[in-house]
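Structure, as structure tokens:
There are 2 protein chains.
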Amino acid sequence: MEYKPTIEDVAKLANVSIATVSRVINNQGGVRKVTEDRIVNAINELGYIRSAVARSMKRKETNTIGIIVPDITNPFFPHVVAGIEQKAREKGYYTILSSTNESPIIEEEIVKIFIERGVDGVIITTANESGDHIKLLQDQGIPIVAVDRAIKNFEVDTVLVDNVNGAYQAVRQLILQGHEKIAIICGPQSTTPGRERYLGYKKALEEYNIPLDESLVYQGDFMENSGYRGALHLFYSKVRPTAIFSSNNQMTIGCVKALTELDWKLGEEVSFIGFDDVEIATFIKPKLSVVSRPMTTIGEIAFQLVYDRIHFKENLPKREYLLTPELKIRESCHKI
Amino acid sequence: MEYKPTIEDVAKLANVSIATVSRVINNQGGVRKVTEDRIVNAINELGYIRSAVARSMKRKETNTIGIIVPDITNPFFPHVVAGIEQKAREKGYYTILSSTNESPIIEEEIVKIFIERGVDGVIITTANESGDHIKLLQDQGIPIVAVDRAIKNFEVDTVLVDNVNGAYQAVRQLILQGHEKIAIICGPQSTTPGRERYLGYKKALEEYNIPLDESLVYQGDFMENSGYRGALHLFYSKVRPTAIFSSNNQMTIGCVKALTELDWKLGEEVSFIGFDDVEIATFIKPKLSVVSRPMTTIGEIAFQLVYDRIHFKENLPKREYLLTPELKIRESCHKI
DNA sequence: TCGAAAAATCTAAACGTTTACATTTAGGAT
DNA sequence: ATCCTAAATGTAAACGTTTAGATTTTTCGA
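Protein chains in written order, with my numbering: chain A, 1 to 336; chain B, 1001 to 1336.
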């Protein structure tokens, strides 16, 4: 059956005009039951499937939303994507997904392709917060939603997690347990999450009148290795901390590796809380306490935002969601 | 700039016909340098971006390939997808991704949508190995590549991993270390991976003349919980095994949880090898030995297969890739 | 039974490309 | 200058829908 029947074939077989067929395909009503039946039969008989591209051509909408993530293999994103997809399918939308490997160049390329393909909206965790390359999208009037990382030079809807608050909660927890020498392994200060989590750390210390000790601040880059080096560094620093806060999942992993190798006893000699839940958290002994983000929910909200924007283009103010992360206390913190 | 310039606007501005513009857009040559320059200028001036949907309409190809996976949050798939994407982008293809949550119903729905959208090819890890719902695709002449799970009732290109061999290698390793009471936690025997991994287990035992002891065979379902229960079961069974082979990553995780709780000392009292690498493998002590699959490569090959099939539709025989997994010996095996 | 209003159906144009084929132009040989 | 050929450019149809507006059919009250 290599030949693809078109709406015209259906019309012919059912002895009606293509307009009528179109009406029943899109069930717009205004077609007599008997005619409809005839058409439906014809459709089944021919195995007709309507061409989405012809439809998009006429309608000037593709029911597709583009998703851009920096790294599809980072477990955070598949969960977000799952949330988006779920909601999207419910509304008859489909997603086209691309991963930039944190490269702004690739990101720009993808943006261009997405425009060519006529996506109705874009959900993006950008590799370049300046957002200049996003301008193209805005020029075309394509709704954008930024997830996890804000976009500077444009007004776009965003769904972020309250990084400051999450870090604050974590560090406060450590303080309340009596810790005073609390270290942080930071993310890059050029990114919003990196900066904000550091801010939360400082805020907690301030609030409890603990002076900030620069030697307990290690600059990482969100990669596993820097977590590893961070832990090493802290272990051998002049003031050995009694607690560590790690700014993201990958660094947490590196950190734990180092602790094990150093035989620096987690939960006994050093307390630990990491930002973002990680699979290993409940495996290692003691179980890791973490700041956890509602990943699927983030995706769901993001979709809702583009969806709204697609359907009510006008007079929607910029909307910003700020979800509160949850502190999951497990076993890696000890009282002092 | 809400108005989208079309090829016609460009033609008008450059004072040529749309045919000529089309020629330079697709750089087909046969256009004088001076005309080309004029056209390129016009394009830039207007910010013209060609409509992929109009193009697809005429060309009857979308340069899109659909990917269907059972569970996007299972770490195996994002890696495969990354491999596909990488190669696809190189060839000017884009991917549209959907996750079925292991539901054949959703899968069928997605297949339908993919056809509507005119994907040029499909890469699928099916939730229903019978493959009856795939028939639709085949009817439309859309190339299909099955990944990780074979499809029964149709001839499609496949890229699988040699499950038998992988399991065989793992179990042989255990045997060579002196183990004789080797248990297996099986996957569902209704799935190819489940069956084949069990086969590999049996093959190794046979080869070394170790009788199969049914009480050391635990039936799991690839879910974490069944790994957990499996370990428990084996611990309390009349013949306690000295080694365990687990048939997939999730069950490995459950298993390790149980071992920890039982205080059944990994690498001392019981050796362990699991199918598929897991993130925790190198965290826990001792580090887990695993059978590891080349996930990105799988994706790359899968794309190559659809690509070939798209471009040389005729006379390509069915191709089957069978990648050999690699045994990664770490620390969870001990000599006896 | 007739006519008017309402409901159903049809006609044809449009969406933005690509491409076969027709036409024009350029430029060298005579 | 003229002609011829090859190169450059143009014309128009087609791809498969949706949809406004025109037309036909049905329905129903008088």
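Virtual Cβ for every residue (Gly too), placed ideally from N, Cα, C.
Task: Outcome for K312 of chain A when other beta-carbon atoms lying within 10 angstroms are tallied against a minimum of 16 - done: The question names Lys, but residue 312 of chain A is Phe in the sequence shown. By the 10 Å Cβ count, F312 of chain A comes out exposed.
Open item on the list: Assuming K1012 of chain B is part of the alpha helix (DSSP H), what are its boundary residues?
Closed with: I1007 to A1014
Open item on the list: Within 8 Å, do at least three Cβ pairs link the stretch 1231–1247 of chain B to the stretch 1264–1275 of chain B?
Closed with: yes
Task: Under the three-state DSSP convention, the category I1324 of chain B falls into - done: In the sequence on display, residue 1324 of chain B carries Thr and not Ile. Coil.
Open item on the list: Please classify Q1169 of chain B as buried or exposed, where buried requires at least 16 other C-beta atoms within 10 Å of its C-beta.
Closed with: buried
TODO: Output yes if chain B places a C-beta closer than 9 Å to the C-beta of Q169 of chain A; else output no.
DONE: No - not a single Cβ of chain B is within 9 Å of the one on Q169 of chain A.
TODO: Please state whether DSSP places K318 of chain A in a helix, a strand or coil.
DONE: Coil.
- [ ] Could you tell me the boundaries of the beta strand (DSSP E) in which V256 of chain A lies?
- [x] Premise fails: V256 of chain A lies in the alpha helix (DSSP H), N249 to L262, not in any beta strand (DSSP E).
Open item on the list: Quick check on G230 of chain A: does DSSP put it in helix, strand or coil?
Closed with: helix
TODO: Could you pull the start and end residues of the alpha helix (DSSP H) that V111 of chain A belongs to?
DONE: P104 to E116
Open item on the list: With DSSP as the reference, identify every bridge partner of A243 of chain A, one or two as the case may be.
Closed with: A:I182 and A:S271
Open item on the list: Would you say I1115 of chain B lies against chain A (beta-carbon separation less than 9 Å)?
Closed with: yes
TODO: Using a Cβ-Cβ cut-off of 9 Å, state whether F1303 of chain B counts as contacting chain A.
DONE: Not an interface residue.
- [ ] Give the C-beta separation of V1119 of chain B and T1064 of chain B to the nearest angstrom, bearing in mind that I take them to be a contact with Cβ-Cβ under 8 Å.
- [x] 5 Å
Task: Rounded separation between E129 of chain A and Y307 of chain A - CA only - done: Taking the straight line joining both Cα atoms gives about 23 Å.
TODO: Please confirm whether S368 of chain A and I72 of chain A have their CB atoms less than 9 Å apart.
DONE: Absent from the structure is residue 368 of chain A, since the part of chain A shown begins at 1 and ends at 336.
Task: Enclosing alpha helix (DSSP H) for D157 of chain A [first to last residue] - done: Looking at the DSSP string, D157 of chain A is not in any alpha helix (DSSP H); the run it does join, the beta strand (DSSP E), is D157 to V161.
- [ ] Counting only the same chain and skipping the five closest in sequence on each side, list residues whose C-beta sits under 7 Å from that of T1242 of chain B.
- [x] H1179, K1181, V1270, S1271 and I1336
Task: Extent of the continuous beta strand (DSSP E) run through A146 of chain A - done: I144 to V147
Task: Cα-Cα separation between E1320 of chain B and D1139 of chain B, rounded to whole angstroms - done: C-alpha separation (whole angstroms): 21 Å.
Task: Beta-carbon proximity check, N1163 of chain B vs F1303 of chain B, cutoff 9 Å - done: no
- [ ] Using the Cα positions of M1001 of chain B and L137 of chain A, report the straight-line distance between them to the nearest angstrom.
- [x] With a pLDDT of 48 at M1001 of chain B, under the threshold of 50, the predicted position of this residue should be treated as unreliable, though the coordinate-derived value follows. Looking at the two C-alpha atoms, the distance is approximately 11 Å.
- [ ] List the residues that DSSP assigns as beta-bridge partners of T20 of chain A.
- [x] Per DSSP, none; premise fails for T20 of chain A.
- [ ] Name the two residues that bound the continuous beta strand (DSSP E) containing T64 of chain A.
- [x] Following the DSSP letters along the chain, one finds T64 of chain A inside the beta strand (DSSP E) bounded by residues T64 to V69.
Task: Contacts that A82 of chain A makes with chain B (C-beta to C-beta distance below 8 Å) - done: I1072, T1073 and S1099
Open item on the list: Under DSSP, the alpha helix (DSSP H) around G1083 of chain B begins and ends at which residues?
Closed with: Judged by DSSP secondary structure, G1083 of chain B falls within the alpha helix (DSSP H) whose first and last residues are F1076 to E1090.
Open item on the list: Please state whether the Cβ-Cβ distance between R32 of chain A and A14 of chain A is less than 9 Å.
Closed with: no
Open item on the list: Using a 10 Å radius around the Cβ and a threshold of 16 neighbouring Cβ atoms, would you call G131 of chain A buried or exposed?
Closed with: buried
Task: For G30 of chain A, three-class secondary structure by DSSP - done: coil
Open item on the list: Below 7 Å on C-beta distance, what does P1078 of chain B contact in chain A?
Closed with: I72, T73 and P78
Open item on the list: Do T260 of chain A and L288 of chain A count as a contact pair if the criterion is CB distance below 9 Å?
Closed with: For L288 of chain A and T260 of chain A, no; Cβs fall outside 9 Å.
Open item on the list: Rounded to the nearest angstrom, what separates S246 of chain A and Q177 of chain A at their Cα positions?
Closed with: 17 Å
Open item on the list: So, under 8 Å CB-CB, K318 of chain A and E155 of chain A are touching, yes? Tell me the CB distance rounded to an integer number of Å.
Closed with: Beta-carbon to beta-carbon, K318 of chain A and E155 of chain A are separated by about 5 Å, close enough to satisfy the 8 Å threshold.
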